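Residue numbers (the numbering used here): 324 to 614.
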């Protein structure tokens with residue numbers, strides 16, 4: 324009994340091992356290729372549970388979803404021979420498992436290395452045909468679109484990989500060039516600032532001169548108007564005095580004499596030398612004779 328039980332256990336274990344090596348699952352997020360002694364016999368295994376011959380067939384599985392290649396920073400030259408440090412990434416996925424396995428042996432790292440080489444060459448050619456301004460801002464999106472379209476034909480035919488998109492994350496000048504560019508930009512900004520200041524001073528002088536001229540004109544006009552009004556007032560006063568004088572000249576002469584007396588004798592220290600027979604004392608004499 325002991326020997327029979329042991330045999331049964333061994334057979335069961337062998338059956339389990341055989342079943343485990345015969346059954347395999349391809350998930351929705353995977354692509355699979357079936358190999359027979361290293362040769363591809365089924366380049367695109369469907370999703371689900373499958374059976375294979377143990378030790379004869381081998382299954383290699385690859386990612387079906389879109390993958391990201393984040394490449395290290397590379398240095399490229401523009402058409403003006405200006406160096407630029409470019410940081411980029413690419414989106415890719417496997418669409419032909421047989422070509423992908425043949426070209427890369429199914430190794431994702433090797434596939435990314437081949438993609439990085441092709442993208443570096445494409446970027447170097449595209450940057451070498453454009454100026455610094457076009458690369459940085461003017462034609463950057465168009466450059467990436469053209470590069471993705473051109474490289475996609477190569478990667479599909481050679482590696483079985485669809486290049487979904489290539490994008491530049493960052494473009495920098497090398498550190499040894501950045502300082503000179505910064506100094507040149509600084510000098511240009513300082514020159515523009517000096518031009519703006521000189522233009523501002525010129526405009527300020529023009530505004531100040533215009534204001535001074537307007538002030539002079541306004542003052543002259545005001546003085547003219549005041550003199551006209553003063554003249555008109557003096558004329559009106561003279562007419563009023565003349566009308567009053569003509570109504571009673573004697574009384575008007577008397578009031579003028581009183582005003583003259585008041586002004587002449589307002590201060591006790593004043594000294595007035597006048598002939599006693601002068602017309603100035605006419606009303607004083609008349610008043611004394613009446614008393």
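Where a beta carbon is used, it is the ideal one built from N, C-alpha and C, also for glycine. Quantities reported herein were computed from a predicted structural model and do not represent experimental measurements.
Apart from the 5 residues on each side of it in sequence, residue 575 sits with its Cβ closer than 7 Å to the Cβ of 567, 568 in its chain, given in chain order. A check of alpha carbon separations from residue 346 across 390, 428, 372, 431 identifies 372 as the nearest.
Residue 383 is bridged by DSSP to 356.
Taking all protein chains in view, the Cβ of residue 514 is surrounded by fewer than 16 other Cβ atoms within 10 Å, so the residue is classified as exposed. If you ignore the 5 residues before and after residue 495, its C-beta comes within less than 6 Å of the C-beta of 408, all in its own chain and listed in chain order. Counting along the chain, residue 472 sits inside the alpha helix (DSSP H) bounded by residues 463-482. DSSP lists no bridge partner for residue 496.
By the 16-neighbour rule on beta-carbons within 10 angstroms, residue 564 is exposed.
Separation of residue 517 and residue 455 (C-alpha to C-alpha, rounded to the nearest whole angstrom) is 27 Å.
For residue 362, the enclosing beta strand (DSSP E) begins and ends at 362-368.
The beta carbon of residue 391 lies closer than 7 Å to those of 412, 414 in the same chain, with the five residues before and after it left out.
Straight-line measurement puts the Cα of residue 355 at about 7 Å from the Cα of residue 349. Selection 328, 491, 339 evaluated against residue 442 yields 491 as nearest (Cα-Cα).
The shortest CA-to-CA distance from residue 466 to any of 451, 403, 478, 578 is the one to 451.
Exposed is the label assigned to residue 546, since fewer than 16 other Cβ atoms lie within 10 Å of its Cβ. Judged by their CB atoms, residue 416 and residue 388 are nearer to each other than the 8 Å cut-off. Counting only residues of its own chain and dropping the five nearest sequence neighbours on each side, residue 370 has a CB closer than 6 Å to the CB of 349, 351.
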